[in-house]
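J.:
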Amino acid sequence: HWPKKIDRLLAEKDKSLAEKNRSIIGGEGQIIGRKKSIDYWRRRTNHWPKKIDRLLAEKDKEIGLNTTIVLQSERITELEGNKIPIATGGSKPTEKQQVTKPKPLPRTGIQLYDSQEQVTPKPAQPTTTKWDGKKIHEIVFQGKRLSFDDVWKILSEKNFTKFEEIFQQNPNIVNSLRDSFDQTLLMKAVYEDRFDVFVHLMDYPHDFSLVDNDGENVLHFVGSHGTVRYLEKFDQQTIKMLINGRDKSNNDTPLHYAASWNKHDVIRWLLAKGANPELKNNRGQRPDERGCCDGVTKEIFRSFRSSW
1 HWPKKIDRLL AEKDKSLAEK NRSIIGGEGQ IIGRKKSIDY WRRRTNHWPK
51 KIDRLLAEKD KEIGLNTTIV LQSERITELE GNKIPIATGG SKPTEKQQVT
101 KPKPLPRTGI QLYDSQEQVT PKPAQPTTTK WDGKKIHEIV FQGKRLSFDD
151 VWKILSEKNF TKFEEIFQQN PNIVNSLRDS FDQTLLMKAV YEDRFDVFVH
201 LMDYPHDFSL VDNDGENVLH FVGSHGTVRY LEKFDQQTIK MLINGRDKSN
251 NDTPLHYAAS WNKHDVIRWL LAKGANPELK NNRGQRPDER GCCDGVTKEI
301 FRSFRSSW
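Residue 91 in UniProt numbering sits at position 91 of the sequence shown, with consecutive numbering throughout.
#1: Out of curiosity, what's the CA-to-CA distance linking E12 and T161?
#2: Apart from the five residues just before and just after residue 309, which ones in its own chain have a Cβ nearer than 8 Å to its Cβ?
#3: Between which residues of its own chain and H206 is the CB-CB distance below 7 Å, once the five residues before and five after are set aside?
#4: Please classify H220 as buried or exposed, where buried requires at least 16 other C-beta atoms within 10 Å of its C-beta.
#5: Quick one: Cα of L146 to Cα of Y204, how far?
#6: DSSP puts S147 in a beta bridge; with which residues?
#7: Within 10 Å of its beta-carbon, does D212 have 16 or more other beta-carbons around it, so buried, or fewer, so exposed?
#8: The alpha helix (DSSP H) with G295 in it runs from where to where?
#9: Write down the C-beta distance between N159 and I139 rounded to the nearest angstrom, noting that I regard them as a contact closer than 8 Å.
#10: Where D294 and Q285 are concerned, what is the direct C-alpha to C-alpha distance, given to the nearest angstrom?
#11: Can you give me the Cβ contacts of V190 inside the same chain, cut-off strictly under 8 Å, excluding the 5 residues immediately before and after it?
#12: Under the assumption that R246 contacts G215 (Cβ atoms under 8 Å), give the Cβ distance between them as a whole number of angstroms.
#13: In angstroms with no decimal places, state the Cα-to-Cα distance between S156 and R194.
#14: Name the DSSP beta bridge partners of L177, please?
#15: Take A258 as the anchor and find which of I243, E58 and S249 has the nearest alpha-carbon.
#16: In the DSSP assignment, find the alpha helix (DSSP H) that holds D196 and state where it starts and stops.
#17: Straight-line CA distance for K298 to D288?
#18: Taking the alpha-carbon of K134 as reference, which of S209, A275 and N172 has the nearest alpha-carbon?
#19: Just the C-alpha distance for P180 and L210, rounded to the nearest angstrom, thanks.
#20: For P85, which of helix, strand or coil comes out of DSSP?
#21: Tell me the DSSP secondary structure of G223 in three-state form.
#22: Helix, strand or coil: how does DSSP classify S156 here?
#23: Kindly give me the distance between the Cβ atoms of L255 and A275, rounded to whole angstroms, as I take these residues to be in contact under 8 Å.
#24: For N281, which of F304, N251 and N262 has the nearest alpha-carbon?
#25: Roughly how far, in whole angstroms, is the beta-carbon of V228 from the beta-carbon of V266, given that I think they are within contact range, below 8 Å?
#26: From what residue to what residue does the alpha helix (DSSP H) around V211 run?
#27: Any idea what DSSP makes of T161, helix, strand or coil?
#28: Given this structure, state the Cα-to-Cα distance separating F141 from Q183, to the nearest angstrom.
#29: Near E58, what residues of its chain come up, given a Cβ to Cβ distance below 6 Å and the 5 sequence neighbours on each side ignored?
#30: When the Cα atoms are used, what is the spatial distance from I239 to G143?
Following this line, the structure appears as structure tokens:
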């Protein structure tokens, strides 16, 4: 009965605060008496924290009492089942008994969640991360058709609980669902620089070898639109597989992209992890030989080659 009891108390509190707000900012006729109204409602609402604390204290006391009774009952049943003699008031036990005091059960505090706060379930992991080879541009969920943009909107609004429900019905959605450029949801998160969505999606099983229509893997997107914190979420095996990948248009690597966008920290990170600075694109250019590279980018490559 405690959850209902707590809910009723919180409902009374909300109703009282709502009446307070209406009284203070209600209408033109109340402006003159505003100070009096504020003092009045301060006295009326200051008791709520204490009232909630008292209710929770009563709950903990009752739960503690019930736990003690249950543990004692279970201990007596155990002793009777093992036929261990129990001493009574007028007799002594035939054998010296050693009764172990039962350990108290762990007690967790009560969390009162705000009505807008969501508790996100942990994604269920499928048996494989291998893409099934099927590309889809929309799904059906609860009788409605959802496009890539619809699903992205759900993620961008951080409605992760709903996304998990969609995932349960479409386990390969993180690999198969694509936009008009064949980008995956993970690529979209990097492109839009939504690190919170990226971190959530990384809990799902991905086939990181996937590329978009231009042959760009997810590290190409980090090279042009991301930061080092994105790179740090990948394991070493994935980095090794993608770090020197080539796109279709110019045969550029992620290091070419980072150099073109002058992402200095990303350049340093990729070089430290094994990116090859000598690979040339279709124009015969190494990453630091692109026309848009600034002086800092060129100095990073010069220093790296001198110590290579």
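All C-beta atoms, glycine included, are put in the ideal place defined by N, C-alpha and C. Quick caveat: nothing in here was measured; it's all calculated off a predicted structure.
T.: The structure says:
#1: Approximately 29 Å between the Cα atoms of the pair.
#2: This structure does not reach residue 309, given that the chain is present from 1 up to 308, and the question cannot be answered.
#3: Taking H206 as the centre and dropping the five residues before and after it, the same chain places the C-beta of T129, V174, N175 and L186 closer than 7 Å to its C-beta, in chain order.
#4: Around the beta carbon of H220, 16 or more other beta carbons sit within 10 angstroms, so the residue counts as buried.
#5: C-alpha of L146 to C-alpha of Y204: approximately 20 Å in a straight line.
#6: Paired residue(s): E138.
#7: Here D212 is buried. Its C-beta has 16 or more other C-beta atoms within 10 Å.
#8: G295: member of the alpha helix (DSSP H) spanning G295 to S306, first to last residue.
#9: Between N159 and I139 a beta carbon distance of about 15 Å is seen, past the 8 Å cut, so the two are scored as non-contacting.
#10: Distance between the alpha carbons of D294 and Q285 is about 15 Å.
#11: Hits under 8 Å: F198, V218, F221, V222, H225, G226 and Y230.
#12: Contact holds; Cβ gap of about 7 Å.
#13: Spanning the two alpha carbons is a distance of roughly 8 Å.
#14: Answer is I136, bridged to L177.
#15: That would be I243, whose Cα lies nearest to the Cα of A258.
#16: From DSSP, the alpha helix (DSSP H) with D196 extends over F195 to L201.
#17: Cα to Cα, K298 sits roughly 6 Å from D288.
#18: Ranking S209, A275 and N172 by Cα distance to K134 puts N172 first.
#19: The sequence given here has Ser at residue 180, not Pro. Inter-residue distance for S180 and L210 is about 15 Å (C-alpha atoms, whole angstroms).
#20: No answer about P85 holds up, because its pLDDT of 47 lies below 50 and its placement is not dependable.
#21: It is helical.
#22: In the structure shown, S156 falls within a helical segment according to DSSP collapsed to helix, strand and coil.
#23: Confirmed, Cβ separation roughly 4 Å.
#24: Closest option to N281, judged by alpha-carbon separation, among F304, N251 and N262: N251.
#25: The distance from the Cβ of V228 to that of V266 is about 6 Å, consistent with a contact at the 8 Å cut-off.
#26: Membership of V211 in any alpha helix (DSSP H) is not indicated, and neither H nor E is assigned to it by DSSP.
#27: In the structure shown, T161 sits in a helix (DSSP, three-state: H, G or I).
#28: So the two alpha carbons sit approximately 21 Å from each other.
#29: Closer than 6 Å at Cβ, skipping near neighbours: no residue.
#30: Each residue's Cα considered, the two are about 39 Å apart.
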